[in-house]
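Asks:
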Amino acid sequence: MRLQFIPVLMILYPTLSLANSLEESCTTSSEMENRCAAVCYPTVKPLLRYMEVCERNLKLTSENQAKLKAQDIELMKCMEDVKTQRHNLENLEGQCNFNGILRQSFEEVRQVNSKLRGTITELQSKKYEELYQSYLELTREKNYFKNLAKRNEKEAADVRSEFVSFKTSCERQLSECSSTEDIHHFGSFHSKFEMKFP
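Read in order, the letters of the sequence shown correspond to residues -19 to -1, 1 to 179 in mature numbering (1 follows the signal peptide of the UniProt record, and there is no 0).
1) The alpha helix (DSSP H) with C35 in it runs from where to where?
2) Pull up the distance between the alpha-carbon of S43 and that of D53, whole angstroms please.
3) Roughly how many whole angstroms lie between the Cα atoms of S86 and Q76?
4) Does DSSP put F(-15) in a helix, in a strand, or in coil?
5) Which residues in the same chain as E152 place their Cβ atom closer than 8 angstroms to its Cβ, once the five residues preceding and following it in sequence are excluded?
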């Protein structure tokens, strides 16, 4: 930009020198002013336009810089949002992994419960079978002892019946005996028999 101003300064230098010399003499003619205007205006006008363009460009640059700054702020916010979303995603992945572990644990617990139910059912079946066999054994023993008691009762009744028959027979024979010795002998035998079969 400084190189662009050099030709302008070179053009303006004679004019400024002339102006200084005229100022020193304090006299200026209209012709000189017209000549000065004819020289300065074509030279200064492009410079003014260039300065206007530069000012406009500076304004646009400032506006663009403001926009860039706003975009930078927005970008920072977006980056923070991305960071937050990434953190949330990691948490969700952790929760998903935890949920997977929970599902696996529930499945293992379900399998253990299933095995326990099977074992309990098997033990209950065995216990029921043992109890049923014990019941059958006790029933057989009860029937055996019941039959044994009936048989013993029948045998006892038979023995009592035989005793009564024998006693009756002995009493009849006793009545037929006339001697005292026979009576004494029979009485001794009768006492022994009663002791044996009460």
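No residue lacks a Cβ here, since even glycine has one placed at the ideal position from N, Cα and C.
Quick caveat: nothing in here was measured; it's all calculated off a predicted structure.
Replies: Taking the coordinates as given:
1) Note, C35: alpha helix (DSSP H), 11 to 157.
2) Approximately 15 angstroms, taken between the alpha carbons.
3) C-alpha of S86 to C-alpha of Q76: approximately 15 angstroms in a straight line.
4) With a pLDDT of 44 at F(-15), under the threshold of 50, the modelled position of this residue cannot be trusted; read the value that follows with caution. Shown here, F(-15) sits in a helix according to DSSP, grouped into three states.
5) Correct list: empty, nothing qualifies.
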